[in-house]
Structures are given as C-alpha cells and as structure tokens.
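Structure, as structure tokens:
Numbering (my numbering), first residue to last: 142 to 323.
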C-alpha cells in the first residue's frame with residue numbers, strides 16, 4: 142500500500158519508491174510513504190492564499206462546527222484506523238488513546254467555540270482609558286494571523302498528534318501543514 146498525502150485540497154501520491162514502513166510486530170513491509178515530487182513551497186502558498194483567507198473569514202462558531210463535523214466523520218471511519226493500528230506495535234488500548242483520543246481533541250476544541258462570540262474576531266477585556274478626558278482609549282482585539290502553521294509529527298500517537306495540532310490551528314483560523322513521522 143502506498144500512502145497518499147492530502148495536499149492542496151486533494152489526495153496526492155508522492156513519486157518514487159518512497160520510505161518503506163514496516164509492521165512493528167511481524168517486521169513485514171506494511172506500506173510506503175513518499176513526499177518526493179511534492180512542492181512544499183506550493184503547499185505553503187496554497188495555505189496562505191486559499192486556506193488562510195477561507196478560515197479567517199469564518200467565525201469562531203463556524204470553525205468550531207467544522208471541527209465537530211470532521212470529528213463525526215472520523216468517528217464513522219474509526220474501524221478502518223483500528224484495522225491498521227496494530228501494525229504500529231500499539232496495543233488496543235494504545236490505539237484507543239491515539240485514535241479516539243485524537244478525535245476527542247477535535248470534539249473538545251469544537252466545544253470551545255462557545256467561549257467565543259460568533260464573530261471572526263474576539264474583543265479582549267474592557268476598553269482602557271488612555272487620556273484624562275476619555276478622548277483616547279485602547280482596546281485589545283484578537284484576530285487570526287496570516288500565514289500557515291507548520292508541524293512535524295512524532296512517531297508516538299500519529300492520529301492524536303496531528304489532530305490536536307490542527308484543532309488548535311483551525312479554531313484560531315490558521316491552516317496547517319503537518320508532516321507525519323516516517
């Protein structure tokens with residue numbers, strides 16, 4: 142099996158033979174993974190020009206509901222994840238923590254939307270009077286940053302690791318590039 146990468150809105154296979162991935166229990170080749178031929182500069186540009194504006198234009202509530210929809214979709218597919226989880230050398234409990242714990246992160250962050258207004262920004266605290274007569278005031282406002290977050294995932298808990306990273310980014314209105322451990 143050759144693993145695909147979700148790049149620029151579509152599943153893409155890397156070129157070449159790729160990195161062999163071995164079953165941690167049997168030692169047999171399980172799959173291959175490759176990023177050869179993928180243009181990381183283009184990924185970042187896509188994130189900046191397509192992903193970032195799309196997320197920044199969504200309200201906290203919309204981004205939270207998006208995370209919840211992703212979590213529900215992944216929960217429907219969790220049996221597929223458990224079928225391959227054993228090849229990592231993980232026990233069923235390890236897999237449960239990784240798979241359902243990761244999906245649980247999406248649910249948890251989706252619920253945090255309720256702590257924010259249904260806006261694209263967050264007003265933090267009260268206005269600060271900066272002049273004696275009130276003619277000059279200051280107010281902190283939080284808005285999504287421009288750009289793309291970059292994460293390199295660890296070997297342990299491959300599902301949880303990626304989902305906890307993108308949950309934070311997506312709720313905050315920032316796309317992410319996550320490089321899985323290989």
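The beta carbon of each residue, even a glycine, is placed where N, CA and C say it ideally should be.
Owing to the predicted nature of the structure, the values given are computational and were not obtained by experimental measurement.
Distance from residue 323 to residue 174 at the Cβ level is roughly 5 Å; contact confirmed, criterion being Cβ atoms closer than 8 Å. Under the 10 Å beta carbon count, residue 152 is surrounded by fewer than 16 other beta carbons and is classified as exposed. Contact between residue 298 and residue 196 is ruled out by a C-beta separation of about 25 Å, above the 8 Å threshold. Boundaries of the alpha helix (DSSP H) around residue 223: 219-226.
Annotated three-state conformation of residue 176 is coil, per DSSP. Here residue 160 is bridged, per DSSP, to 174.
Contact between residue 201 and residue 259 holds: CB atoms are separated by about 7 Å, below the 8 Å threshold. Ranked by Cα distance from residue 199, the options 165, 240, 306 and 254 are led by 254. DSSP lists 145 as the bridge partner or partners of residue 154. Under the Cβ criterion (8 Å, minimum of three pairs), the stretch 271-279 does not count as touching the stretch 236-245. Residue environment: residue 300 is assigned as buried (16 or more neighbouring CB atoms within 10 Å of its CB, all protein chains considered). Among the bridge pairs identified by DSSP, residue 269 is matched with 279.
Straight-line measurement puts the Cα of residue 265 at about 18 Å from the Cα of residue 277. Under the 10 Å beta carbon count, residue 244 is surrounded by 16 or more other beta carbons and is classified as buried.
Around the C-beta of residue 252, fewer than 16 other C-beta atoms lie within 10 Å, and the residue is accordingly described as exposed. In terms of CA proximity to residue 242, 306 leads the group 306, 166 and 313. Taking 8 Å as the cut-off, the beta carbon of residue 193 is found closer than this to the beta carbon of residue 288.
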